[in-house]
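Chains as they are written, first to last, in our numbering: chain R, 113 to 460; chain L, 113 to 460. Each residue gets a CB set at the ideal place from its N, CA and C atoms; glycine is no exception.
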DNA sequence: CTCACAATTGTGACCGTGCACATGCGAGCA
DNA sequence: TGCTCGCATGTGCACGGTCACAATTGTGAG
């Protein structure tokens, strides 16, 4: 019944054309939804495709059209909750639009590795890039390589603010800090992220701005590495060396590690110390006490990133402009300063 | 100095050939490390490439060779810690071998979505697939579509055990359960994952096997959805309806939610109830109390998956065979049954 | 019935690379 | 000297689509 002699290679449009009794160009027209094709012809061709299990060859199409329909995602720490969530959203949106997504993950972020990853993506002839690797260095490399394709970045950068799409980090940090100040805290420590990360820097900036606004003094922030382990050790160190009634951690993981350290030291949260995190990871609401934090809608961020990239690539899309609004989620880890508070250093 | 007249299109091997004064085929030989090329010729060509900023066109290469050098990764829940980590490892290993990685994420796992995602990957002419979508359904669809490319799966399945590469889930579950039994627990509840997930099913099987081995009775496991929120509500429900001294949760998130519920109820862990999780996510060591859990080396799993896929694709690689060994990490959330234990139901 | 014009379909070249095969050339050997 | 052989290189086509343009068919008005 079916006319497919088992050739070794996959069927091409010419095979389909032969079976349908038309020229290969007519088949191509069906594939590209060309308007002027007789309905009966189209039907015949579609049936031939079905019969041969025809599948268009993307490589051939890319070669002839000069378009790969592929976008690249450059990501650092793609195993972290937020980035992972955003990447999934980008991939989903891209697939819906018929784009392929090629990812390159940075395990280390030295310029050579960054360049290597970018070269890899460019080799694939990506038509656009989404950058979720938030180090300023990445943008330096991007500029140096003089990339020919458009790109967008989830994180804001000093130089390319217009392309930033993530939640407004500075605003989020200000909200968190304001919350602590409103509760009466005056000695607030910031447990920051690595300063070569734009996000970490933005969150610290927001913190300092708000502290300044309230005419408070503060110790220099502690520079961490995002991990819960670091939060734990930083907590131990803090208790040994500083006096404070509240901590704003630059992400939830460090905040959770900190809670652990405070608990180990026999301190009560928020009785003795209030803690705020950032991101609102799923377990944040189940720590003890549940963590007050700044929520980001990572999925919306990812979707928006892809839409913005499409726009940057010259496609007609309506993009929701501006950053996604962060949201303060008040849970149990923050409370008022105890009226009669003993300095921690004295007690510990 | 440089001879590049700014044509609109990217330089091809013919442009390089012209500049170097050789034929395009000789350039191609340089690209493919052909042995018999005069060193001086090769040097001249390399310099011409450099001068023109030549970048090989993957689409043309794929078309001509019939190989895309792309592998596909089908993943569900790629925002979860374990899968995300493994995907990153796969991507890393693949890139090192010059392969591109195309991902398709399943937000919902109904057959239509699975098929859609697979079609998307096949459209890209992937040469192999890594399946991190652990539902049995996925394999049904794979079989039905009669995929022409080789694939490996991180999770074991009833039908394709040979291709399983992840840590031995059954063994891990047995270790966790054994640990509780060794501590004297007799009334152990299993908080399972969704049963259409192979992993969830395997962990439950391990649990039941060990329970059976020890001649213990048990209530039917509670079927959850992996989330911390579910763990929390399940905990509340458990306290209302069952008597038990220990819980083995099928993943850390549910375990953490459970800890929250126990804490809310004023119970002590491990004083009143012992809890074991599975996965060893980074915050597991910073919950209160720190969570006893089963550690999986997700990175090793990802690397091994890619190596196994290469092998399945007919490449010569030495693959570490067999599953990665899980490891029980005993922390503070498990302890002996209190000598004079009051039934929880009475106290609560 | 004829012609202009639109709708539909066909023809051949081209995209950039790799393969099969042909060619040129120098060395080794009888 | 002439012949064989192997290295180095060149020639032409195939891969599977798309594009520009040509050719054919169909349609309605005059």
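Beta-carbon neighbours of residue i, restricted to chain R and to distances below 8 Å
i: residue 175/L; result: 169, 171, 172 and 175
i: residue 384/L; result: Correct list: empty, because the minimum Cβ distance to chain R is about 15 Å.
i: residue 232/L; result: 207 and 212
i: residue 219/L; result: 200 and 204
i: residue 134/L; result: Within 8 Å Cβ-Cβ: nothing; residue 134/L doesn't reach chain R, min ~23 Å.
i: residue 340/L; result: 394, 395, 397 and 398
For residue j and residue i, the rounded distance between their alpha carbons
i: residue 428/R; j: residue 209/R; result: 12 Å
i: residue 450/R; j: residue 288/R; result: 19 Å
i: residue 202/R; j: residue 202/L; result: 19 Å
i: residue 368/R; j: residue 399/L; result: 7 Å
i: residue 220/L; j: residue 188/L; result: 8 Å
i: residue 132/L; j: residue 123/L; result: 13 Å
i: residue 254/R; j: residue 442/L; result: 45 Å
i: residue 128/R; j: residue 243/R; result: 41 Å
i: residue 174/R; j: residue 376/L; result: 58 Å
i: residue 284/R; j: residue 252/L; result: 45 Å
i: residue 166/R; j: residue 232/L; result: 14 Å
i: residue 297/R; j: residue 380/L; result: 31 Å
i: residue 342/L; j: residue 378/L; result: 19 Å
i: residue 114/L; j: residue 162/L; result: Low per-residue confidence applies at residue 114/L: pLDDT is 45, beneath 50, and the placement is therefore not dependable enough to give any value.
i: residue 332/R; j: residue 393/R; result: 26 Å
i: residue 401/R; j: residue 435/R; result: 30 Å
i: residue 138/L; j: residue 247/R; result: 41 Å
i: residue 116/L; j: residue 213/L; result: For residue 116/L, the predicted structure reports a pLDDT of 47, less than 50, and the residue's modelled location is therefore unreliable. The matter cannot be settled from this model.
i: residue 409/R; j: residue 312/R; result: 18 Å
i: residue 329/R; j: residue 323/L; result: 59 Å
i: residue 424/R; j: residue 314/R; result: 25 Å
i: residue 440/R; j: residue 404/R; result: 8 Å
i: residue 149/R; j: residue 239/L; result: 35 Å
i: residue 395/L; j: residue 154/L; result: 54 Å
Where residue i meets chain L, residues with beta-carbon distance less than 7 Å
i: residue 400/R; result: 372, 375 and 400
i: residue 369/R; result: 398
i: residue 236/R; result: 170 and 212
i: residue 344/R; result: 398
i: residue 215/R; result: 203, 213 and 215
Among the options, the one whose alpha carbon lies nearest that of residue i
i: residue 225/R; options: 347/L, 233/L, 253/L and 204/L; result: 204/L
i: residue 263/R; options: 417/R, 349/R, 311/R and 248/R; result: 417/R
i: residue 159/R; options: 283/R, 143/R and 376/R; result: 143/R
i: residue 294/R; options: 409/R, 191/R and 446/R; result: 446/R
i: residue 236/R; options: 291/R, 248/R and 215/R; result: 215/R
i: residue 414/R; options: 168/R, 267/R and 257/R; result: 267/R
i: residue 321/R; options: 146/R, 286/R and 207/R; result: 286/R
i: residue 218/L; options: 207/R, 171/R, 444/R and 150/R; result: 207/R
i: residue 182/R; options: 145/R, 134/R, 139/R and 234/R; result: 234/R
i: residue 422/L; options: 292/L, 184/L, 178/L and 164/L; result: 184/L
i: residue 180/R; options: 172/L, 265/L, 186/L and 192/L; result: 172/L
i: residue 258/R; options: 265/R, 230/R and 282/R; result: 230/R
i: residue 391/R; options: 383/R, 222/R and 406/R; result: 406/R
i: residue 310/R; options: 291/R, 281/R, 327/R and 325/R; result: 281/R
i: residue 157/L; options: 170/L, 199/L and 135/L; result: 135/L
Proximal chain L residues relative to residue i, where beta-carbon distance stays under 8 Å
i: residue 419/R; result: Here the premise fails: no neighbours, minimum Cβ distance about 17 Å.
i: residue 464/R; result: Outside the displayed span of chain R (113 to 460) sits residue 464/R, for which this structure offers no information.
i: residue 365/R; result: 394 and 395
i: residue 380/R; result: Residues of chain L passing the Cβ test: none, with the nearest at roughly 12 Å.
Bridge-paired residues (DSSP) for residue i
i: residue 213/L; result: 183/L
i: residue 247/R; result: 309/R
i: residue 407/L; result: 391/L and 439/L
i: residue 386/R; result: 358/R
i: residue 234/L; result: DSSP output for residue 234/L lists no bridge partner at all.
Contact list for residue i against chain R, beta-carbon separation under 7 Å
i: residue 196/L; result: 190, 191 and 196
heavy atom of the ligand FAD below 7 Å from residue i C-beta
i: residue 369/L; result: Of ligands this structure carries none, so the ligand FAD is not represented either.
Interface residues of chain L facing residue i [CB-CB closer than 9 Å]
i: residue 446/R; result: The contacting residues do not exist; residue 446/R stays about 17 Å from chain L at best.
Partners in chain R for residue i, counting only beta-carbon separations shorter than 9 Å
i: residue 180/L; result: 170 and 171
The stretch 302-317 of chain R in contact with the stretch 330-338 of chain R per 3-pair CB rule at 8 Å: The stretch 302-317 of chain R, when compared against the stretch 330-338 of chain R, does touch it at the 8 Å Cβ threshold.
Can we say the stretch 387-397 of chain L touches the stretch 341-361 of chain L, given the rule of at least three CB pairs closer than 8 Å? Touching, yes, given that three or more Cβ pairs across the two stretches are closer than 8 Å.
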